[in-house]
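Numbering (the working numbering), first residue to last: -6 to 451. As structure tokens, the structure follows; a few thoughts come after it.
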Amino acid sequence: MNIEKFLKTIKETKLFTAYNTNVDAVKYLKDEDVQRLVDMFDHNEIIERMESYPRIIKDPIDFVARLVYSIKTGKPAEVPMKEDENLQRWFDSIKYDEERMGGQAGIVSNLMATLQINKIIVYTPLLSKKQAEMFVDYDNLLYPVVEDEKLVLKKVREAYKNDPTKINRIFEFKKGLKFTLNGEKIVAKQSTRFIVASRPENLRIEIKDDVRRFLPDIGEMVDCAFLSGYQAIKEKYNDGKTAEYYFKKARDDIKLLKRNKNIKAHLEFASIPNINIRKMVVDYILSSVDSVGMDETEIANVLHILGFEEMSEKILKNSFVEDVIEGAKILLEKFKNLEVVQIHTIYYILFVCREDNPLSNEELEECLEFATILASSRAKLGNIRNIEDLKEGLTVDHNKYGDLLRKIAKEHSNGYKVVLSPSRYVETPKSTVGLGDTISSGAFLYYTSLLNNKRKEK
Ligand code: AMP
């Protein structure tokens, strides 16, 4: 595979991305860190809290209980914390190892700026100075502002406002991490992370009216839009606004972006614990985009919403790629607006498209191979800081199930274009946060680039 060829393919592409950015404060947990955390509390009380399984972190022991649960089961989790100054102070007293960009729109815009695509316009409702500093320092990374009734694109690092900062605290741990709780030795089953998410009341997932008026112009300036962050919409806000209000607005944002030019829009599904919110993402957003990216749990959840309970349970229980493919075909049948359903799991990334998709199987495969290399580079190095880093990802081999997975995908393609690329699996990843966003945006951007390049050749 030729990295230069990949980069040349995406070079002229212009991207719009919204809505979510935040600062990730990351702590890489060691045995003694977790031991110290659990020893701050009565061990029996922690066990009781684990049983009650708090869904919102209201005090530090809720956090410790959910963290221990996550380590014990090896399952990643993201739990929101209550807005409370004392609790915030408690979390601030922990010494974090690094601060870095978080949120799909933030991660994707930094990645694409680093890959030196032509232009990225990123919109995020809150842009504090600290948040702005998390963006990489490239001239192709722009933020829309309105000055004297005119749309102006400013370098995002220079466009900050007097906004609050949304900080997520991320606790990463490695497989084998161990500590003792009430005499029981607990060992981490997997390398993964536990996220304490902040949900500031004044953060609304929307494009503010000043910039919103110019969305048709912004759409005209780009080729594609990568949209995510809907999982942060709350059911109800203190001022009486509801999730429905924000979802209607978000659906109209897509229409506005597409008004002057038929750009491709991608929904990155993300994990959405609240079932009502998840359903609204399906009803309002999935029905408005050209492309969707998700993992196998998310497609199972969507199928459940659509009434395919049996298929949903099969996917959750067995993780068979053939079921995932059938599930993706159902989405293509239900949502005529969709032209690409993209699913990623730790073993593969998959495109399911209709037979009449303008790209050939080889071209679709190239999109996935590019995305896979991005993921292995980020898994290995923790981040992609320059183009040279992609060579690291290329040194990682496809996982051992690759040939079998490819064969199954081929066998289940009847009537559709089904292509699969096995992951280049890094055994001990430096970090796992943002891999899903990296792989999805890579595949989508490459897809749009190939379509565009084809159009230009004609
Ligand atoms: P996750 O965010 O954990 O759902 O991972 C997203 C995607 O990144 C997966 O679908 C894989 O394709 C890829 N990925 C995850 N872990 C690794 C790893 N250790 N090495 C290489 N790729 C990975």
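The C-beta atom is built at its ideal place from N, Cα and C for all residues, glycine as well. This structure is a prediction, so every number in the text was calculated from the model and none was measured.
### Buried or exposed by the 16-neighbour rule on C-beta atoms within 10 Å, applied to Glu289
Counting from one through the sequence shown, the residue named residue 289 turns up at place 296. Result: buried.
### Query
Should Val419 be counted as a contact of the ligand AMP given a C-beta to heavy atom distance under 7 Å?
Position 426 of the sequence shown, counted from the start, is the residue given in the question as residue 419. At least one heavy atom of the ligand AMP is nearer than 7 Å to the Cβ of Val419, so yes.
### Boundaries of the alpha helix (DSSP H) in which Pro209 is found, first to last residue
Stepping through the sequence shown from its first residue, residue 209 is reached at position 216. Unbroken alpha helix (DSSP H) run through Pro209: Leu208 to Met214.
### Query
Over what stretch of residues does the beta strand (DSSP E) that includes Met43 continue unbroken?
Walking along the sequence shown from the start, residue 43 turns up at place 50. It is not in any beta strand (DSSP E) - Met43 instead sits in the alpha helix (DSSP H) that spans His36 to Ser45.
### Task
For Ser86, count neighbouring Cβ atoms within 10 angstroms of its own Cβ and tell me buried if that reaches 16, exposed if not.
Position 93 of the sequence shown, counted from the start, is the residue given in the question as residue 86. Classification for Ser86: exposed.
### Contact set for Glu228: own chain, Cβ-Cβ below 8 Å, skip 5 residues either direction
In the sequence shown, the residue the question calls residue 228 occupies position 235. Once the five neighbours on either side are set aside, the close Cβ partners of Glu228 are Thr235, Ala236, Asn267, Asn269 and Ile270.
### Task
Please specify which runs of the alpha helix (DSSP H), each continuous and at least 4 residues long, are wholly inside the stretch 72 to 160, giving them in chain order.
78 to 85, 97 to 107 and 122 to 125
### Message
Measuring only from the beta carbon, is Ile87 closer than 7 Å to any heavy atom that is part of the ligand AMP?
### Response
The residue given as residue 87 occupies position 94 in the sequence shown. No, since every heavy atom of the ligand AMP falls outside the 7 Å radius drawn around the Cβ of Ile87.
### Query
Would the C-beta of His259 count as close to the ligand AMP, meaning under 7 Å from any of its heavy atoms?
As a first step, residue 259 must be located in the sequence shown, where it is residue number 266. For the ligand AMP, not one heavy atom lies less than 7 Å from the Cβ of His259.
### Own chain residues within Cβ distance below 6 Å of Arg59, not counting five before or after
Indexing the sequence shown from 1 puts residue 59 at position 66. Same-chain partners within the cutoff: Val72.
### Query
With 16 as the cutoff for other CB atoms within 10 Å, does Lys254 come out buried or exposed?
For this step, residue 254 is matched to residue 261 along the sequence shown. Counting Cβ neighbours within 10 Å, Lys254 comes out exposed, since fewer than 16 surround it.
#### Entry: Per-residue DSSP class, three states only, for Ile188
Residue numbering aside, residue 188 sits at position 195 when the sequence shown is read from its first letter. Strand, per DSSP.
### Message
Can you give me the C-alpha to C-alpha distance between Ser121 and Val139, rounded to a whole angstrom?
### Response
For this step, residue 121 is matched to residue 128 along the sequence shown. For this step, residue 139 is matched to residue 146 along the sequence shown. Spanning the two alpha carbons is a distance of roughly 17 Å.
### Task
May I ask you to report which of helix, strand or coil DSSP gives Pro53?
Translated into the one-based positions of the sequence shown, residue 53 becomes position 60. Three-state DSSP puts Pro53 in a helix.
### Task
For Ile198, I'd like the list of residues in its chain whose CB is within less than 8 Å of its CB, leaving aside the five on either flank, ordered along the chain.
Position 205 of the sequence shown, counted from the start, is the residue given in the question as residue 198. Excluding positions up to five away in sequence, the list reads Tyr12, Asn13, Pro118, Gly222, Tyr223, Ala225, Ile226, Tyr239 and Ala243.
#### Entry: Neighbour-count burial assignment, Gln335, 16 or more Cβ in a 10 Å radius
Residue 335 sits at position 342 when you count from the first residue of the sequence shown. Looking at its Cβ environment, which holds 16 or more other Cβ atoms inside 10 Å, Gln335 is buried.
### Task
Quick one: grab the DSSP three-state call for Thr66.
For the purposes of this step, residue 66 is taken as residue 73 along the sequence shown, with counting starting at 1. The three-state reading of DSSP puts Thr66 in helix, counting H, G and I together.
### Query
What separation, rounded to the nearest whole angstrom, lies between the Cα atoms of Val295 and Arg206?
Taking the first residue of the sequence shown as position 1, residue 295 is located at position 302. Taking the first residue of the sequence shown as position 1, residue 206 is located at position 213. Approximately 32 Å, taken between the alpha carbons.
### Query
Just checking my contact of Met105 with Val16 at CB under 8 Å: how many whole Å lie between their CB atoms?
Start at 1 with the first residue of the sequence shown, and residue 105 comes out as number 112. Start at 1 with the first residue of the sequence shown, and residue 16 comes out as number 23. Between Val16 and Met105 the Cβ distance is about 19 Å, and since that is not below 8 Å, they are no contact.
### Query
What residue does the beta strand (DSSP E) around Asn15 start on, and which one ends it?
Start at 1 with the first residue of the sequence shown, and residue 15 comes out as number 22. That run of the beta strand (DSSP E) goes Asn15 to Tyr21.
### Query
Where does the unbroken alpha helix (DSSP H) through Arg399 begin, and where does it stop?
Residue numbering aside, residue 399 sits at position 406 when the sequence shown is read from its first letter. Per DSSP, Arg399 belongs to the alpha helix (DSSP H) from Gly395 to Glu404.
### Cα-Cα separation between Ile160 and Leu146, rounded to whole angstroms
Taking the first residue of the sequence shown as 1, we reach residue 160 at position 167. Taking the first residue of the sequence shown as 1, we reach residue 146 at position 153. Taking the straight line joining both Cα atoms gives about 26 Å.
### Message
Quick check on this structure: which residue in Cys346, Lys167, Phe344 and Tyr340 has the alpha carbon closest to the alpha carbon of Asp396?
### Response
Translated into the one-based positions of the sequence shown, residue 396 becomes position 403. Ranking the options by Cα distance to Asp396, first place goes to Tyr340.
### Query
Among residues of its own chain, excluding the 5 on either side of Met43, which ones have a beta-carbon nearer than 7 Å to its beta-carbon?
Indexing the sequence shown from 1 puts residue 43 at position 50. So the list reads Ala58, Val61 and Tyr62, once near-sequence residues are dropped.
### Query
Between Pro157 and Ala190, what straight-line distance do the alpha-carbon atoms span, to the nearest angstrom?
Counted from its first residue, the sequence shown places residue 157 at position 164. Counted from its first residue, the sequence shown places residue 190 at position 197. Cα-Cα distance, rounded: 15 Å.
### Task
Whole angstroms is fine: what's the gap from Asp232's alpha carbon to Glu194's?
Position 239 of the sequence shown holds residue 232. Position 201 of the sequence shown holds residue 194. Cα to Cα, Asp232 sits roughly 10 Å from Glu194.
### Task
Decide if Asn79 is buried, meaning its Cβ has at least 16 other Cβ atoms within 10 Å, or exposed.
In the sequence shown, residue 79 corresponds to position 86, counting from 1. The residue is exposed, with fewer than 16 neighbouring Cβ atoms inside 10 Å.
### Query
Is Asp288 helix, strand or coil by DSSP?
Taking the first residue of the sequence shown as position 1, residue 288 is located at position 295. Strand, per DSSP.
### Between the CA atoms of Lys447 and Pro351 - distance to the nearest angstrom
On the sequence shown, position 358 is the one that residue 351 refers to. On the sequence shown, position 454 is the one that residue 447 refers to. Those two C-alpha atoms are separated by around 9 Å.
### Query
Between the beta-carbon of Gly320 and the beta-carbon of Ile308, is there less than 8 Å?
Mapped onto the sequence shown, residue 320 falls at position 327. Mapped onto the sequence shown, residue 308 falls at position 315. Yes, the Cβ-Cβ distance between Gly320 and Ile308 is below 8 Å.
#### Entry: Where Glu291 falls, given that 16 or more other Cβ within 10 Å makes a residue buried
If you number the sequence shown from 1, residue 291 lands on position 298. Glu291 comes out buried.
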